[in-house]
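J.:
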Amino acid sequence: MSNSKVNLFLLPYAGGTGASFKSFVAGLPSWVRPIPVTLPGRGVRFRDPALTDWPELVDQLANELIGDARQPYALFGHSLGALVALELAHRFRSLGCHDLVWLGVSACVAPACRERGEDWLACEENVFLDKLRTLGGTPAELLENRELLDLYLPALRADFHLASTYAALSRDPLGARMLILAGEDDADVVSPPNNLTVWAQETTGVHRTSLHPGGHFFINDQAPQIARICSDDIGAALMLDEVAHG
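So the sequence shown is numbered by the working numbering: it starts at 1047 and just counts up by one.
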């Protein structure tokens, strides 16, 4: 295992914040420096407008994070965060940052398999809340609290809009090692199987798939274990890089 320090950007699921990775961070070794990312419009950034346009979001995040991407870095994203992580990887590459060490994508249909979804910005509130209940990742106290809903719904709608309007782009794949994770019971992601395996098109590097007990939010129940699996894979990526450049 390499002793190199790696900056690991952590991109949350729709409606999540950097704080969503608290338990995940606890499972990381000391040589991985976690950088939990909070998108505008939620958590400590609730006063910032939530963004619904992909180029604008990626531009803003890249400008904020680029300093830490000029050193060895990795990216991990869960659900919507996986798409954000992928777009950041390409943006950092275009800006001449350090080569991406590793990419972890979790609970997310591969870009090439995605289809445009519903209009989450304009749909009726009760329809949107039913969707949140079905997914199961939103605390009941939030869904039942009018004041909290008024605070969080704009960001949640923005995130669902981003997920439903994401379009795969034609571009050179990344070269980093990739780990593709999913919950065994997350039917929208694991069925059909190519929803996951097509992720391999996004990199020319080593890639593997890792399935875990649970549904879409399996990471919430197994965060320290998932963090260790990811850090082991990052370590393998570093060793391969050291061999290649040794």
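Where is the CB? At the ideal position from N, CA and C, for every residue including glycine.
Which of the three DSSP states is assigned to L1054 in this structure?
T.: strand
J.: I need the DSSP call for A1222, collapsed to helix, strand or coil.
T.: coil
J.: Using DSSP with H/G/I as helix, E/B as strand and the rest coil, what is G1127?
T.: helix
J.: Do the CB positions of G1065 and P1086 come within less than 8 Å of each other?
T.: The amino acid occupying residue 1065 in the given sequence is Ala; Gly does not appear at that position. Against a cut-off of 8 Å, the Cβ pair of P1086 and A1065 comes out as no contact.
J.: Distance, Cα to Cα, E1193 vs G1123?
T.: 29 Å
J.: What did DSSP end up calling L1215 once you bin it into helix, strand or coil?
T.: coil
J.: Rounding to the nearest angstrom, what Cα-Cα distance links Q1117 and L1175 in this structure?
T.: 41 Å
J.: Closest by CA to S1076, which one among P1095, T1098, V1052?
T.: Between S1076 and the set P1095, T1098, V1052, the nearest pair of CA atoms involves V1052.
J.: Count the other CB atoms within 10 Å of the CB of V1289; is the residue buried (16 or more) or exposed (fewer)?
T.: Reliability of the predicted coordinates at V1289 is poor, the pLDDT of 42 falling under 50, and the value obtained from them is presented with this limitation in mind. By the neighbour-count rule (16 or more Cβ atoms within 10 Å), V1289 is not buried but exposed.
J.: So, under 8 Å CB-CB, L1121 and L1208 are touching, yes? Tell me the CB distance rounded to an integer number of Å.
T.: Here L1121 is actually not in contact with L1208; their C-beta atoms are around 17 Å apart, not less than 8 Å.
J.: Quick check on this structure: which residue in L1056, D1231, D1099 has the alpha carbon closest to the alpha carbon of F1206?
T.: D1099
J.: Going by C-alpha to C-alpha distance, which of A1096, D1279, D1267 sits closest to G1182?
T.: D1267
J.: In whole angstroms, what is the alpha-carbon distance linking G1073 and P1080?
T.: About 11 Å.
J.: I need the DSSP call for H1253, collapsed to helix, strand or coil.
T.: strand
J.: Using the rule of at least 16 other Cβ atoms within 10 Å of the residue's Cβ for burial, across every protein chain shown, is L1202 buried or exposed?
T.: buried
J.: Taking the alpha carbon of P1058 as the point to measure from, which residue in S1069, T1084, G1142 has its own alpha carbon closest?
T.: Ranking S1069, T1084, G1142 by Cα distance to P1058 puts T1084 first.
J.: With a 10 Å radius around its C-beta and 16 neighbouring C-beta atoms as the bar for buried, classify L1054 as buried or exposed.
T.: buried
J.: List in chain order: all unbroken beta strand (DSSP E) runs of 3+ residues lying wholly within the segment 1131-1207.
T.: 1146-1152
J.: So what does DSSP say about L1121, is it helix, strand or coil?
T.: strand
J.: From the DSSP output, which residues share a beta bridge with I1272?
T.: In the DSSP output, where bridge partners are listed per residue, I1272 has none listed.
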